[in-house]
Each structure stands twice: as structure tokens, then as C-alpha cells.
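Note that our numbering has the sequence shown beginning at 286, numbered continuously upward.
Here a beta-carbon is modelled for each residue, glycine too, at the ideal position from N, C-alpha and C.
Below is one structure, written out as C-alpha cells, with a few remarks after it.
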Amino acid sequence: MSPRPLFDALPGGRVNYREPKGDPGFFGPDSMAWKVSANPVALAVGGVAAVILELAEPRVRSGVWDHSTFRTDPLARMQRTGEASTIVTFGPTAAAQARIDMVTRMHQRVSGTTPEGQAYTALEPELMTWVHVTAGWGFLNAYRRYLEPEMSLADQDRYHAEGAALGRAFGAPEPPGSVAEVDALFDRMRPSLRPHPIIGEFLKIVSTTSPLGLAGRALQPLVVEAAIDLVPPDLRRRLELPVRPLRREVARKTLKGLARVGQAVPGKIVRQAHERVGRPLS
Numbered sequence: 286m287s288p289r290p291l292f293d294a295l296p297g298g299r300v301n302y303r304e305p306k307g308d309p310g311f312f313g314p315d316s317m318a319w320k321v322s323a324n325p326v327a328l329a330v331g332g333v334a335a336v337i338l339e340l341a342e343p344r345v346r347s348g349v350w351d352h353s354t355f356r357t358d359p360l361a362r363m364q365r366t367g368e369a370s371t372i373v374t375f376g377p378t379a380a381a382q383a384r385i386d387m388v389t390r391m392h393q394r395v396s397g398t399t400p401e402g403q404a405y406t407a408l409e410p411e412l413m414t415w416v417h418v419t420a421g422w423g424f425l426n427a428y429r430r431y432l433e434p435e436m437s438l439a440d441q442d443r444y445h446a447e448g449a450a451l452g453r454a455f456g457a458p459e460p461p462g463s464v465a466e467v468d469a470l471f472d473r474m475r476p477s478l479r480p481h482p483i484i485g486e487f488l489k490i491v492s493t494t495s496p497l498g499l500a501g502r503a504l505q506p507l508v509v510e511a512a513i514d515l516v517p518p519d520l521r522r523r524l525e526l527p528v529r530p531l532r533r534e535v536a537r538k539t540l541k542g543l544a545r546v547g548q549a550v551p552g553k554i555v556r557q558a559h560e561r562v563g564r565p566l567s
């Protein structure tokens, strides 16, 4: 399987990533965000793991399942999510801010009551913080597992500190800015995380759906297995996620190899963003 079509299929929207010259966007080429998000394997595995954790929170689960097209058009929903992540990470400043504003306007319309009777709004600070943190946690820890298990604590803290600025832009008032702060948030949220059939439904959907084309769809069952494996063991048990050791080992070996290839074959958008700031990749 050639990695170029897979890595070039990252949804990026109608954004000129080459202009304006010199604009670093929200992060820039020396950031941990550009380093981590340059690899689609880390994004795919980390993104699914993040959604598992988000759907475990009853208010987030109702907000996602009742106010999005995930059940009826999962591919379009995944493409929009991937596109937003790509734009705010690698896009020029104006495009990134425009996408943040658009997502915020959409979230302003999301509110309701869970089946258990809990009222929610998408812009509730605790929920915005949880969604922001699970995404960053997923991407970073997938990157560490498949590419850099010995990443220093200082670099991990820098990743979360960079992400905190983006979290505030999206409406999370005081997002964690270090590994210790992220761990503390996970500890606070654990009592509210619960198993639910919707999590299983989500995993079935993403096992056969990918925004990365035919190659991505072929890899999706492994991505799902790897995402379950990435969830902390105590939460895997709490959420009653399936444990399949043989599939897990196949997923780890296959995706680790593909992730390493991805380091040498950066995608089109990543290359264009580096060109924009005068740091072209070889």
C-alpha cells in the first residue's frame, strides 16, 4: 500500500495553505502541534479514542448524537471534524479563526436534556473543556504510542500548553496546560463517565467509514482496535469496551509501521503549510 494517497487524503477544506507567506497560523513549524498532527495515523487513532471518551459523558453524548449527522451521514461528519482540525492546526491565521467562529456558532444552537434528565448546552465550560482535552490527549498519546514512546515530559507539557490557547479560543475557559493538569481533569471526570450502547454503535460506524478514502477504510478496523487500546485500562473496564488481544497486537504492529512511514512521507497540506512559512520539507 502506497502511503502517499492515504496521507494526502487528509480533509483540508477550501483553504490556501501556501498563503499568506510567513503566516505561522496558530502554532507554526516549531510547535508540538505541527509535529503531532502531521501524522494521520496519530490523528485517526487519537481521534477515535477521544470520541469514545466524549460519548462516555452523558451530556456530550446527547449533544453529539442528537444534534449532528453522525448516525445518518457519518462520512460527512468525520470529514468536517477532520477538516476543522486541519485548518486550525495548519491553516493561516485568518482561516483558522474563521473556522473557530463557525464551529462556535454551530455550538450555540446545541442544547437539550439527556435521557437521564440532565440539561446541557454545548458551550457549557465543563463540556467544552472535556471535548477539547480528550482530542488533544488522544492525538498526543497516539503519537507517543506509535512514534515516540520516550517523548519527554517537557514536550508533552508544551503540547498541552499550546493546545490550551486553542481551547480558550473554542470556549473552554481554563483548559489544562500540562500533563499533570490533564490527568487531574481525567480524575475529576471519571465518576461521570458511563458505558452506553451508543459507544458500541459509534465503533461499528467508524469501523467501516473513513474520510481518508479506500485505503483509510481498509485500515479502519485496525484504527478502532488501536483506539480502544489507547483508552486507559480502568476506563476500558468502566466503559465495557471489548478486549481482543490478538486484534490489538495486529493493530499495533501494522499501524506502528505505517506511522513511521508517515514521518518520511508528509501529506500535501503539511508540506504546503511549511512552504507558507519558508520552511519547505524535503
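Exercise for the section: Go through the segment 488 to 532 residue by residue and report every complete run of the alpha helix (DSSP H) that reaches 4 residues or more, in order. Expected result: 498 to 515 and 518 to 523
Exercise for the section: Pull up the CB-CB distance for ALA335 and ALA420, whole angstroms please, since I reckon it's below 8 Å. Expected result: 5 Å
Problem - C-beta atoms of PRO482 and SER492 nearer than 8 Å - result: no
Practice task
Tell me, please, whether the CB atom of SER316 is closer than 8 Å to any CB atom in chain B?
Solution key: Judged by its chain identifiers, the structure shown contains no chain B, having just a single protein chain.
Handout entry: Sub-8 Å separation of SER353 and GLU447 beta-carbons
Key = no
Practice task
Assuming THR389 contacts ARG344 (C-beta within less than 8 Å), just tell me the rounded distance between them.
Solution key: Wrong, their Cβ atoms sit about 18 Å apart, outside the cutoff.
Exercise for the section: List the endpoints of the continuous beta strand (DSSP E) containing GLY397. Expected result: 396 to 398
Exercise for the section: Give the single residue among ALA318, PHE312, ALA323 and GLY331 whose Cα lies nearest to the Cα of THR378. Expected result: PHE312
Practice task
For the beta strand (DSSP E) holding THR406, just list the boundary residues, first then last.
Solution key: 404 to 406
Handout entry: Alpha-carbon spacing of LEU478 relative to ALA381, whole angstroms
Key = 31 Å
Handout entry: C-alpha distance - MET286 paired with GLU534, whole-angstrom precision
Key = Residue confidence is low: MET286 scores 41 on pLDDT, short of 50, so the model does not pin down where it sits. Its coordinate-derived value is still stated next. Cα to Cα, MET286 sits roughly 20 Å from GLU534.
Practice task
Would you check if there are 3 or more beta carbon pairs closer than 8 Å linking the segment 539 to 547 to the segment 419 to 435?
Solution key: yes
Problem - Limits of the alpha helix (DSSP H) - the one that MET387 falls within - result: 378 to 393
Practice task
Buried or exposed for ASN426, please, with buried defined as at least 16 other CB atoms from any protein chain shown within 10 angstroms of its CB.
Solution key: buried
Problem - Host alpha helix (DSSP H) of SER366 (start-end) - result: Sequence inspection shows Thr at residue 366; the Ser mentioned does not correspond to that position. Element bounds for THR366: 359 to 375.
Exercise for the section: Determine the direct distance from the alpha carbon of ILE372 to that of GLN364, and round the result to whole angstroms. Expected result: 12 Å
Exercise for the section: Classify PHE455 as helix, strand or coil using the three-state DSSP reduction. Expected result: helix
Problem - Residue span of the alpha helix (DSSP H) that contains ASN426, given as start and end - result: 410 to 431
Practice task
Look up GLY448 in the DSSP assignment and say whether it is helix, strand or coil.
Solution key: helix
Exercise for the section: Just mark SER322 as buried or exposed, buried being the case when its beta carbon has 16 or more other beta carbons within 10 Å. Expected result: buried
Practice task
Take the Cβ of SER370 as the centre, count every other Cβ of all protein chains shown within 10 Å, and call the residue buried at 16 or more, exposed below.
Solution key: buried
Exercise for the section: Taking all protein chains shown into account, decide if MET391 is buried (16 or more other Cβ within 10 angstroms of its Cβ) or exposed. Expected result: exposed
Handout entry: Cutoff 6 Å; reference VAL555; Cβ partners in own chain excluding five residues on either side
Key = ALA323
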